[in-house]
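J.: Please see the structure below; I have some questions.
2 protein chains.
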Amino acid sequence: MNKKRTTIKDIANVLNISPAAVSKALHDDSRISVKTKAAVKRVAKELNYQPNHLASALRKGKSNLVGVVVPKTNSNFFSSVVEQMEAVLNKAGYNIIITQSNESFEKECKNIDTLLYTQVDGIIASMANETVDLSYYEKIKANGIPLILFDRGENDLNVDYVGIDDYNSSHVIVEHLISKGCKRIAHIGGYRRTRIFNNRIKGYVDAISKNNLPIDDSLIIESSLSLEDGRREMEHLLQLEDKPDAVYVASDYAALGALQVLNEKEIKVPEEIRLIGFGNEPFTSLVTPSISSIDQHSRDIGRIAAETFLKRVKEPKVKQSLNKIILDAELIIRDSSK
Amino acid sequence: MNKKRTTIKDIANVLNISPAAVSKALHDDSRISVKTKAAVKRVAKELNYQPNHLASALRKGKSNLVGVVVPKTNSNFFSSVVEQMEAVLNKAGYNIIITQSNESFEKECKNIDTLLYTQVDGIIASMANETVDLSYYEKIKANGIPLILFDRGENDLNVDYVGIDDYNSSHVIVEHLISKGCKRIAHIGGYRRTRIFNNRIKGYVDAISKNNLPIDDSLIIESSLSLEDGRREMEHLLQLEDKPDAVYVASDYAALGALQVLNEKEIKVPEEIRLIGFGNEPFTSLVTPSISSIDQHSRDIGRIAAETFLKRVKEPKVKQSLNKIILDAELIIRDSSK
DNA sequence: TATATTTGCTTAAACGTTTAAGCAAAAGTA
DNA sequence: TACTTTTGCTTAAACGTTTAAGCAAATATA
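Chains as they are written, first to last, in this note's numbering: chain A, 81 to 418; chain B, 81 to 418.
Next comes the structure, spelled out in structure tokens:
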């Protein structure tokens, strides 16, 4: 029994040609005869030859791997984004390494180090909520490989970005609620230090003003947007003297927490309080009442991010103008705001 | 400006020592003086040296990468399993490449090829529902690297496996339902060709018999267990002349579909029909009524699968006896079966 | 003091592939 | 026929590490 894997050399020995010829034959080089090519491929199959990616990547200085950094794969949004990326990149001959930061800055840094160490040809990332220090992302840029951000980006980094228009989404939501007659619209949002949440808050504030409603700071709440946060902040809102008649929550999970509290207290949704979430997670259509939410076009984001990467590697010389691709989000109206 | 990355050679040149000495210094070899080590590490930092994983992996014949194949990361179970694997393997110096098959056999094969090509040191996999042909898994075994299966495995492959006791879980469920007075318990299951679903069906049948209830084939249904399948099969069960008084669904998603139909038809759960799911997905506690379900100890499964891999690479010579680790699952009783 | 051991390095080969350069034979051109 | 071009390969170096083997100098041992 042979312990060793078969290499290009083994094939060369069988056919009494040079390893170089075998390599070229396997890559359909025009300078190799049809006959030799056929023979090489036959022997390769016979010996169950598996190319060694490490060796070719080392020699070519290109690993054909793309690193993906996400906060958590355990959400419909991210897993759907990743699925599309995979599809597009696979077609172009790339494979992806997915790493999750679990929303931890420290883990995110470790992941980036790992990916660089593994010699990925580029990194597509969405930042953890915790992340403020951008030095690790500068490290990627310094490395010379393309860096594409999606969903959770940072303007300061000056790299390609794909995401939805959070600012405008807030406008759509607020205007929908006002059209239903709401006058006191609360916003359970994320922390302002994350750009997307900041944009949602700014959009909310501007939309309220634009529609001549008063801005009430007690109706604007920042949190981590977990289900528990949603519960806590909803309870808090219900203790206000002047209760809101609608709540716009910047995440479906927190919106669900809010809904649980409303259901438990037998406050009718949407009659007494209208509720809108963000992200269009599958469960929003499954709970009672179903939750209106913003669809983030996850599939498009994944596809476009991957395509942007491919463009960058194809034209590394040309200092292309930066891509900031902002997609329009879509409000899916369900029972909670009808 | 220097385009090139700094290598071990650059450091060697600066200090006028050999690349070999630098390599050893970086690995804290005992035969390198403390002084040289310090100097090497200082220069490495100064030049922002990043080791080239490809080169060391090629030379050492070891990539320190572990491939993970899952049907879909978009489920609490799998993402939680993967999270634990990552934690354990990272600690041991390994990184993981996650690939999802999206339940497609073809994609699964492609993923395995990719992983082998990338020279992973081992593969931890859970098979797609579609998968019947095991030749790709044999390919992994032939490659000589460890293969660990979890959750969805195959006895025929004769490799390490970690999972829960599906057969016994069915017993626990059936007995719980009987204790609540149920007499006609239906089972919306997966396809028998998947071992775990087959075990759940067998467990169900045996538990029914053991408790002296009649086996009624019209109450045993095989499906893909999607939410839509759950809806369709629940509607089908409700059209039976002799309706069930309990339904045990082998997946939470399908259980949710069933629950939707019951809610729509205003059939009271649990009063008229009791319902139990499988997997303890987060939404089971979020919907109304909350769904009783089986917790699969995803964190333990991830941890143990990773540890099993580490054991296998540590002792490749010793033909260890095969590990089949079967964990006890836990029934979480909620409103749908109270 | 003579010999053995340890220390601290160097040299050189190896991992498996790709590729630039080169070269003889075959085929094309004048 | 004498030249150029094309075809079909070979040779050898390179990618960045690691590591076995070796060797001189320093240190320990007898």
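Idealized CB from N, CA, C, for every residue including glycine. Only a predicted model underlies this, so the values are computations on that prediction, with no experimental measurement involved.
Could you list which residues in chain B have their beta carbon closer than 8 Å to that of histidine 133/A, in chain order?
T.: Position 53 of the first sequence holds residue 133/A. Simply Tyr197, Thr198, Gln199.
J.: Take every Cβ of the region 335-348 of chain A, pair it with every Cβ of the region 279-288 of chain A, and state whether three or more of those distances are shorter than 8 Å.
T.: no
J.: Under 7 Å Cβ-Cβ, which residues of chain B neighbour alanine 137/A?
T.: Within the first sequence, the letter at position 57 stands for residue 137/A. Residues of chain B passing the Cβ test: Leu134.
J.: Kindly list the residues whose CB is nearer than 7 Å to the CB of aspartate 90/A, restricted to its own chain and excluding five residues on each side of it in sequence; keep chain order.
T.: As a working mapping, residue 90/A is identified with position 10 in the first sequence. Answer for aspartate 90/A: Leu127, listed in chain order.
J.: Here's a check: name, in chain order, each residue in its chain whose Cβ is nearer than 6 Å to the Cβ of isoleucine 228/A, leaving out the five neighbours to either side.
T.: The sequence position of residue 228/A within the first sequence is 148, counting from 1. Counting only Cβ-Cβ distances below 6 Å, and skipping sequence neighbours, we find Ile204, Asp240, Ala385, Thr388, Phe389.
J.: Are the Cβ atoms of glycine 337/B and glutamate 302/B separated by less than 8 Å?
T.: Residue 337/B sits at position 257 when you count from the first residue of the second sequence. Residue 302/B sits at position 222 when you count from the first residue of the second sequence. No, the pair does not count as a contact, with Cβ atoms beyond the cut-off.
J.: Given 8 Å as the limit, is there contact between the region 131-138 of chain B and the region 185-196 of chain B, that is, 3 or more CB pairs closer than that?
T.: With the cut-off at 8 Å, the region 131-138 of chain B and the region 185-196 of chain B do not touch.
J.: Please list, in chain order, all residues of the same chain as asparagine 144/A whose beta carbon is under 8 Å from its beta carbon, the five residues on each side excluded.
T.: In the first sequence, counting from the first residue as 1, residue 144/A sits at position 64. Beyond the five residues adjoining it in sequence on each side, asparagine 144/A comes within less than 8 Å, by CB distance, of His133, Ala137, Gly173, Tyr174, Asn175, Asp201 in the same chain, given in chain order.
J.: Measure the alpha-carbon distance for lysine 404/B versus glutamate 163/B and round it to whole angstroms.
T.: On the second sequence, residue 404/B is found 324 positions in, with the first residue counted as 1. On the second sequence, residue 163/B is found 83 positions in, with the first residue counted as 1. Cα to Cα, the separation comes out at about 22 Å.
J.: What residues match up with glycine 224/A in a beta bridge as DSSP calls it?
T.: Within the first sequence, the letter at position 144 stands for residue 224/A. None; glycine 224/A has no bridge partner.
J.: By DSSP, does serine 98/B sit in helix, in strand, or in coil?
T.: Translated into the one-based positions of the second sequence, residue 98/B becomes position 18. If DSSP states are grouped into helix, strand and coil, serine 98/B belongs with coil.
J.: Does the CB of asparagine 360/A have a neighbour CB from chain B at under 8 Å?
T.: Residue 360/A sits at position 280 when you count from the first residue of the first sequence. By this cut-off, asparagine 360/A is not an interface position.
J.: Does DSSP put leucine 320/A in a helix, in a strand, or in coil?
T.: As a working note, residue 320/A is residue 240 in the first sequence. Note: leucine 320/A maps to coil in three-state DSSP.
J.: Does DSSP put phenylalanine 277/A in a helix, a strand or coil?
T.: Mapped onto the first sequence, residue 277/A falls at position 197. Here phenylalanine 277/A sits in helix by DSSP.
J.: Assuming serine 250/B is part of the alpha helix (DSSP H), what are its boundary residues?
T.: Against the second sequence, residue 250/B aligns to sequence position 170. Here the alpha helix (DSSP H) through serine 250/B covers 246-259.
J.: Going by other Cβ atoms of all chains shown within 10 Å of its Cβ, with 16 needed for buried, is valine 102/B buried or exposed?
T.: Stepping through the second sequence from its first residue, residue 102/B is reached at position 22. Buried, since its Cβ has 16 or more Cβ neighbours within 10 Å.
J.: DSSP three-state call for glutamate 410/A: helix, strand or coil?
T.: Start at 1 with the first residue of the first sequence, and residue 410/A comes out as number 330. If DSSP states are grouped into helix, strand and coil, glutamate 410/A belongs with the strands.
J.: Using alpha carbons as the reference points, say which of Ile347/B, Arg264/B, Ala330/B, Gln319/B lies closest to tyrosine 247/B.
T.: On the second sequence, residue 247/B is found 167 positions in, with the first residue counted as 1. Of the candidates Ile347/B, Arg264/B, Ala330/B, Gln319/B, the one whose C-alpha sits nearest the C-alpha of tyrosine 247/B is Ala330/B.
J.: Based on DSSP bridge pairs, tell me the residues matched to aspartate 415/A.
T.: The sequence position of residue 415/A within the first sequence is 335, counting from 1. DSSP, once it has assigned bridges, lists no residue as partnering aspartate 415/A.
J.: Which chain B residues are close to phenylalanine 363/A, counting only those with a beta carbon under 7 Å from its beta carbon?
T.: Position 283 of the first sequence, counting from 1, holds the residue named residue 363/A. What phenylalanine 363/A touches in chain B: Phe363, Leu366.
J.: Thinking C-alpha only, which one of Asn182/A, Lys221/A, Gln180/A, Met207/A is nearest alanine 196/A?
T.: On the first sequence, position 116 is the one that residue 196/A refers to. Reading the sequence as shown, one finds leucine at residue 196/A and not alanine. That would be Lys221/A, whose Cα lies nearest to the Cα of leucine 196/A.
J.: Report yes or no: is there a C-beta of chain A within less than 8 Å of the C-beta of glutamine 376/B?
T.: Along the second sequence, one-based indexing puts residue 376/B at 296. It does not; no Cβ of chain A falls within 8 Å.
J.: Can you say whether glycine 382/B is buried or exposed, counting buried as having 16 or more other CB atoms within 10 angstroms of its CB?
T.: The residue you call residue 382/B lines up with position 302 of the second sequence. Under a 10 Å Cβ-count criterion, glycine 382/B is classified as buried, with 16 or more other Cβ atoms of the shown protein chains found around its own Cβ.
J.: Does DSSP put alanine 266/A in a helix, in a strand, or in coil?
T.: For this step, residue 266/A is matched to residue 186 along the first sequence. Strand.
J.: Quick one: which unbroken beta strand (DSSP E) runs of 3-plus residues sit fully inside the region 136-216 of chain A? Chain order, please.
T.: The qualifying runs are 145-150, 175-180, 202-205.
J.: Which residues in chain A have a C-beta closer than 7 Å to the C-beta of glutamine 164/B? List them in chain order.
T.: Counting from one through the second sequence, the residue named residue 164/B turns up at place 84. None at all; the shortest Cβ gap to chain A is about 11 Å.
J.: Determine, for serine 159/B, whether the minimum Cβ-Cβ distance to residues of chain A falls below 8 Å.
T.: By one-based count along the second sequence, residue 159/B stands at place 79. It does; some Cβ of chain A falls within 8 Å.
J.: Are the region 104-119 of chain A and the region 150-157 of chain A touching, with three or more C-beta to C-beta distances below 8 Å?
T.: no
J.: Between the alpha carbons of isoleucine 112/A and threonine 87/A, how many angstroms are there, rounded?
T.: Numbered from 1 along the first sequence, position 32 holds the residue referred to as residue 112/A. Numbered from 1 along the first sequence, position 7 holds the residue referred to as residue 87/A. One C-alpha to the other measures close to 19 Å.
J.: In chain A, which residues lie less than 7 Å from leucine 336/B when you measure between Cβ atoms?
T.: By one-based count along the second sequence, residue 336/B stands at place 256. Here the neighbours are Leu366.
J.: Among Asp309/B, Val94/B, Ser373/B, Arg379/B, which has the Cα closest to the Cα of phenylalanine 358/B?
T.: Residue mapping note: residue 358/B aligns to position 278 of the second sequence, counting from 1. Of the listed residues, the one whose Cα sits closest to phenylalanine 358/B is Ser373/B.
J.: Hey, how far is the Cα of leucine 237/B from the Cα of asparagine 223/B?
T.: The residue you call residue 237/B lines up with position 157 of the second sequence. The residue you call residue 223/B lines up with position 143 of the second sequence. Rounded to the nearest angstrom, the two C-alpha atoms are 14 Å apart.
J.: Once DSSP output is grouped into helix, strand and coil, what is the label at valine 367/B?
T.: Within the second sequence, numbered from 1, the residue matching residue 367/B stands at position 287. The answer is coil: DSSP assigns valine 367/B none of H, G, I, E or B.
J.: Just to confirm the assignment: which complete alpha helix (DSSP H) runs, minimum length 4, are found wholly within the region 302-355 of chain A?
T.: 307-318, 332-344
J.: With a threshold of 8 Å on Cβ separation, who are the neighbours of serine 160/A within its own chain once the five nearest residues in sequence on each side are excluded?
T.: For the purposes of this step, residue 160/A is taken as the residue at position 80 of the first sequence. Cβ neighbours of serine 160/A beyond the five flanking positions: Ser378, Arg379, Gly382.
J.: Would you call the CB atoms of isoleucine 265/B and valine 254/B closer than 8 Å?
T.: Taking the second sequence and counting its residues from 1, one reaches residue 265/B at position 185. Taking the second sequence and counting its residues from 1, one reaches residue 254/B at position 174. Yes, these two residues count as a Cβ contact at 8 Å.
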